[in-house]
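Here the protein sequences come in this chain order: A and B. Under this note's numbering, the residue at position 103 of the first sequence is numbered 148, and the numbers go up by one with no gaps. Under this note's numbering, the residue at position 61 of the second sequence is numbered 161, and the numbers go up by one with no gaps. Even glycine gets a Cβ: it sits at the ideal position worked out from N, Cα and C. In this text the structure is predicted, and so the values were computed from the model without any measurement.
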Amino acid sequence: MDHLRDSVPSTISDLFRKKLQMGFGCWSSLLLALPTALTSFPRFSADRLTHDLSWSIRPLKFHDSRILNEENSMKAGYKFVALASVLLALAFGLLHSRSSVSAASAGQVTGTVKLDGIAPHQRGIDMSKDPSCAAAHKDKPVTTENVVTGANGGLANVVVYVSQGLTGNEAPLSQPVQLEQKGCQYFPHVVAVDVGQHMKILNDDQALHNIHPQATKNAAWNKSQMPGGPPLDVTWASEEVPVPVKCNVHPWMQAYIVVVKGPYGVSDDSGSFQLDNLPPGNYTLTAWQETYGTQTQNVTVAAGKPTAVNFTFKAK
Amino acid sequence: MPGKVFAVVVVIVTLAIAYCVIAHVWWMPVDISVHGPNIDRQIEETLFGAGILFIAGQLVLAAFSFLYGDSKGTRKMKSFPGGAKPLIIFACVVVGIEILVLSFVGSKAWGSVYFTPPDPSSVRIDVQAGQFAFYFRYPGPDGKFGPLHPELISEGTQNFFGLDTDHDPDSKDDIVTAQLAIPVNKPVLLTLHSKDMGHSFDVRELRVQQDFVPGIVIPIHFTATQTGRFEIVCTQLCGLGHYNMKAYIQVLSQPDYDNWLKQQAAMQ
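Okay, here's the thing in structure tokens:
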């Protein structure tokens, strides 16, 4: 079940394999060069061994022309193999190397997402079926988060990502993102993640949760987490906008995981978002919101100065 | 010696069990429904009849074990007159008669619940069971339930039943809740249907238990006689969250019930 490999929790062997892949360029040159070096010395050639088993005692005659010719041709052969292995290792290393943008040449996109109109009424959530969940919200009732607006008509939970223009050479972000189950809700309601970036999933409640990302391009999975249990560590293999997430135990819980390639930003309550580490160039940005769908805009990113992009979604 | 010890132990255990049942040590919760007394009476009659046979059987076993259990095998064993075949026929007939009698007598209690049509003025509530929660739907002021569209079910937007309020006028005033509330002393008719698989609706105090069968709408009706807050538990194993699958039912006075329904309607 190879396709499951990258989207289920990593194991120790998983981490080891990745390290191995990245260092393969260095390893292969060492592995190939070592026997080459060992066998290039004439003393250890098989010919001489079979010729005279007590060669270590008998003095070597380096001035013997027969021996010299044999040594020269062997040396040439081994030199070729050594050179070829080094070149091969270099090529392999280059093929598997990923570039990360240096700070000096990185571009940035900032902007605001606004909602034009009145947000639809968000319904209250009744958690009475699980008293431990209901107790967490005794004082403050909870509503759905399908459309969340803030100050000045800002629209939150919008994922802005690059849909066209990336070279495909960017390494995934090393910092893991976090999805938390707290008070029988998902925090954050919308989380964006890079292909191959690690995601930690925690259960901070006293209740059992069973997180179920309903992926279609990635493999779908579900996993139970007992209260006080260890966090899950997952990665995603393919782009998918979005992956709806539900809890199999608590029907009202919902979140969205948006798996994209390259830099991304998620708008906060005031609607502002930011994309960092974008190499200068022309791109198409897409903004996705769970109720209103997607919008695109073309943008040119320059090094140093941040580029401003704004999106406006119309309330139905 | 062992035969006598065994006999004493059997007598002690039998009397302890009999005491626990007769004294209602771990018993059902107080009944709050109109049909409950029929069911409770039937349970007591069954336990009485079976109990007498149980105690008699255990005491006879203890007596034989006490008197003859330690004999060294020199006594001639007496057997059932006629041998093994008449013994088996006798056992089948006696047990068979007992079962048939219980069935006929018990069918009255069963019939009073399942073969009695519901009151036409019953409060109608639609119940949906799905992994792992119950949701309830009231018809609203128009008294009609809107049609269900399973493909429109979206739990993230709280559309648990799959109602299309844009195109079905009957759905517009349906009230969907996560808790069940019913007025006291009024007949109630529940229509049970399942979103996914087999579940069961069980309220112990109401003496009501009914399995959900996917694809079938099953009606059950009852009348509650006392106010209070009780648990509805799922009593049909339905998966990993079955242990946690429940909802709460409140039996309220008529004014409280009207207020509650108004509050729920405002939250739609």
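Quiz item: Using CA coordinates, which residue listed in B:TYR348, B:ILE188, B:LYS295 and B:ALA209 is at the minimum distance from VAL134 of chain B?
Solution: B:ALA209
Quiz item: Hey, is MET172 of chain A's beta-carbon within less than 9 Å of any beta-carbon in chain B?
Solution: yes
Quiz item: Among all the DSSP beta bridges, which residues are the ones paired with SER254 of chain B?
Solution: B:ASN259
Quiz item: According to DSSP, is PHE356 of chain A helix, strand or coil?
Solution: strand
Quiz item: Within the chosen definition, does the region 300-320 of chain A reach the region 151-168 of chain A through at least 3 CB pairs nearer than 8 Å?
Solution: Yes: at least three Cβ pairs fall under 8 Å.
Exercise. Return the CA-CA distance between VAL326 of chain A and ILE246 of chain A, expressed in angstroms with no decimal places.
Key: Reading off the sequence, residue 326 of chain A comes out as Gly, not Val. Approximately 35 Å between the Cα atoms of the pair.
Quiz prompt | Where the alpha helix (DSSP H) containing GLN178 of chain A begins and where it ends | solution = The residue you asked about is not Gln; residue 178 of chain A is Cys in the sequence shown. Counting along the chain, CYS178 of chain A sits inside the alpha helix (DSSP H) bounded by residues 176-180.
Exercise. Report all residues from its chain with a CB closer than 6 Å to the CB of HIS92 of chain B; omit the five preceding and five following residues, and keep chain order.
Key: Because residue 92 of chain B is not part of the residues shown, which for chain B are 101 to 368, the question remains open.
Quiz item: Just curious, the beta strand (DSSP E) that PRO289 of chain A is in, first and last residue?
Solution: 285-292
Quiz prompt | Inter-residue CB distance, VAL338 of chain B and HIS299 of chain B (contact presumed, cutoff 8 Å) | solution = Checking the displayed sequence, the identity of residue 338 of chain B turns out to be Cys instead of Val. 5 Å between Cβ atoms; contact.
Quiz item: In chain A, what lies closer than 7 Å to LEU348 of chain B by C-beta?
Solution: The identity of residue 348 of chain B in the sequence shown is Tyr, whereas the question assumes Leu. Simply SER173.
Quiz item: So, using beta-carbon positions, are LEU330 of chain A and VAL207 of chain A closer together than 9 Å?
Solution: yes
Quiz item: Does the beta carbon of ALA348 of chain A fall short of 8 Å from some heavy atom of the ligand SAM?
Solution: With respect to small molecules bound, the structure shown includes none, and the ligand SAM cannot be examined in it.
Practice problem: Would you kindly report the start and end of the unbroken alpha helix (DSSP H) that includes PRO355 of chain B? | Solution: 354-366
Quiz item: At a Cβ cut of 9 Å, what residues of the region 276-291 of chain A count as close to chain B, listed as they run along the chain?
Solution: PRO289 and LYS291
Quiz item: Which ranges does the beta strand (DSSP E) cover as unbroken runs of at least 3 residues, wholly within the region 307-356 of chain B, from first to last along the chain?
Solution: Counting only runs of 3 or more, we get 308-312, 318-323, 328-333 and 346-352.
Practice problem: Rank A:ALA216, A:VAL344, A:VAL222 and A:SER219 by C-alpha distance to the C-alpha of TYR328 of chain A and give the top, closest one. | Solution: Closest by alpha carbon: A:VAL344.
Self-check item: Boundaries (first-last residue) of the beta strand (DSSP E) holding VAL369 of chain B
Solution: Because residue 369 of chain B is not part of the residues shown, which for chain B are 101 to 368, the question remains open.
Self-check item: Distance, GLY243 of chain B Cα to MET172 of chain A Cα
Solution: Distance between MET172 of chain A and GLY243 of chain B, taken at the CA atoms: about 27 Å.
Exercise. State yes or no: is the beta carbon of GLN299 of chain A nearer than 9 Å to at least one beta carbon in chain B?
Key: yes
Practice problem: Indicate the three-state DSSP secondary structure (helix, strand or coil) for ILE143 of chain B in the structure shown. | Solution: helix
Practice problem: Please list the partners that ASN255 of chain A has in chain B, where partner means a Cβ-to-Cβ separation under 8 Å. | Solution: LEU340 and GLY341
Quiz item: Excluding five sequence neighbours on each side, which residues of the same chain lie with their C-beta closer than 7 Å to the C-beta of ASP175 of chain A?
Solution: CYS229, ALA252 and HIS295
Practice problem: Would you check if the region 275-289 of chain B and the region 322-338 of chain B touch, i.e. whether three or more CB-CB distances between them fall below 8 Å? | Solution: yes
Quiz item: ASP239 of chain A by DSSP, collapsed to three states: which one?
Solution: strand
Exercise. Mind listing the chain A neighbours of ASN359 of chain B? Cutoff is C-beta to C-beta under 8 Å, in chain order.
Key: Near ASN359 of chain B there are no residues of chain A at all, since even the closest Cβ is about 17 Å away, more than 8 Å.
Quiz item: Does any residue of chain E bring its CB to less than 9 Å from the CB of ALA229 of chain B?
Solution: The structure shown contains no chain E; its protein chains are A and B.
Quiz item: Exposed or buried, what is LEU323 of chain A when buried is set at 16 or more other beta-carbons lying within 10 Å of its beta-carbon?
Solution: buried
Exercise. Would you kindly report the start and end of the unbroken beta strand (DSSP E) that includes THR345 of chain A?
Key: Looking at the DSSP string, the run of the beta strand (DSSP E) that includes THR345 of chain A is 338-346.
Quiz item: Should ASN344 of chain B be flagged as near chain A, meaning a C-beta pair shorter than 9 Å?
Solution: yes
Self-check item: Coil, strand or helix - VAL131 of chain A by DSSP
Solution: helix
Self-check item: GLY199 of chain A versus THR336 of chain A: straight-line alpha-carbon distance, rounded
Solution: 15 Å
Quiz item: Can LEU306 of chain B and ILE132 of chain B be called in contact, C-beta distance under 9 Å?
Solution: yes
Quiz prompt | Three-state class that DSSP yields for SER271 of chain B in the structure shown | solution = helix
Quiz prompt | Cβ shell of THR335 of chain B (< 7 Å), same chain only, five flanking positions each side left out | solution = SER300, ASP302 and GLN309
Quiz item: Looking at the C-beta of THR323 of chain B, does it have a partner C-beta in chain A at a distance below 9 Å?
Solution: no
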